[in-house]
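Colleague:
In my numbering, the protein residues as written are 12 to 128.
(1) Taking the alpha helix (DSSP H) that residue 85 belongs to, which residues open and close that run?
(2) Identify the residues that DSSP records as bridge partners of residue 61: which are they?
(3) Mind checking who residue 70 pairs with in its DSSP beta bridge?
(4) Given 6 Å as the limit, tell me if residue 119 has its C-beta closer than that to any heavy atom belonging to the ligand HEM.
(5) Let me know if residue 30 comes out buried or exposed under the rule of 16 or more other beta-carbons within 10 Å of its beta-carbon.
(6) Hey, out of 110, 79, 74 and 55, whose CA is closest to residue 93's CA?
(7) Take the Cβ of residue 107 as the centre, count every other Cβ of all protein chains shown within 10 Å, and call the residue buried at 16 or more, exposed below.
(8) Quick check on this structure: which residue in 119, 125 and 99 has the alpha carbon closest to the alpha carbon of residue 35?
(9) Under the rule that 16 or more other beta-carbon atoms within 10 Å means buried, what is residue 109, buried or exposed?
(10) Looking only at its chain, what residues have a beta carbon closer than 8 Å to the beta carbon of residue 102, apart from the 5 residues adjacent to it on each side?
(11) Could you give the residue range of the beta strand (DSSP E) that holds residue 114?
(12) Between the C-alpha atoms of residue 71 and residue 13, what's the straight-line distance to the nearest angstrom?
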């Protein structure tokens, strides 16, 4: 019998985390996608600290439009917070999700706002 959807996602997430490691100069941009919302965090794995976070639930993020448009706005918001901290490059962690749809929209929004990864 094959893996369930959640087991498969956890296995992929572990495989990504082996390679993707965040430092203070180049933090990890972690993405979590639920059915309704999308969340992004900048994480310094050396210290185990979240440097900045943005989500579709934040007041400063425009949550109007389709889910992909909202994800683009979240990407722009996290990029602005990162640039205020002096971070220009990040390691992208898609969190076991496929790189398309809302995850791709978030990444493209972050790139438009000035992040490099």
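For glycine and all other residues, C-beta sits at the position ideal for the given N, C-alpha and C.
Modeller: Reading from the atomic positions:
(1) Segment 78 to 96, the alpha helix (DSSP H) holding residue 85.
(2) Beta-bridge analysis with DSSP links residue 61 to 54.
(3) According to DSSP, residue 70 bridges with nothing at all.
(4) In the structure on display, the ligand HEM does not appear, and there are no ligands present to speak of.
(5) Around the CB of residue 30, fewer than 16 other CB atoms lie within 10 Å, so the residue is classed as exposed.
(6) Answer by Cα proximity: 55.
(7) That one is buried.
(8) Looking at the Cα atoms, 99 is the closest of the given residues.
(9) If you draw a 10 Å sphere on the C-beta of residue 109, you find fewer than 16 other C-beta atoms in it, and that means exposed.
(10) In chain order, 31, 32, 33, 37, 38, 39, 40 and 128 place their CB closer than 8 Å to the CB of residue 102, counting only its own chain and leaving out the 5 sequence neighbours on each side.
(11) Unbroken run through residue 114 is the alpha helix (DSSP H), 113 to 123; no beta strand (DSSP E).
(12) Residue 71 and residue 13 have their alpha carbons spaced roughly 42 Å apart.
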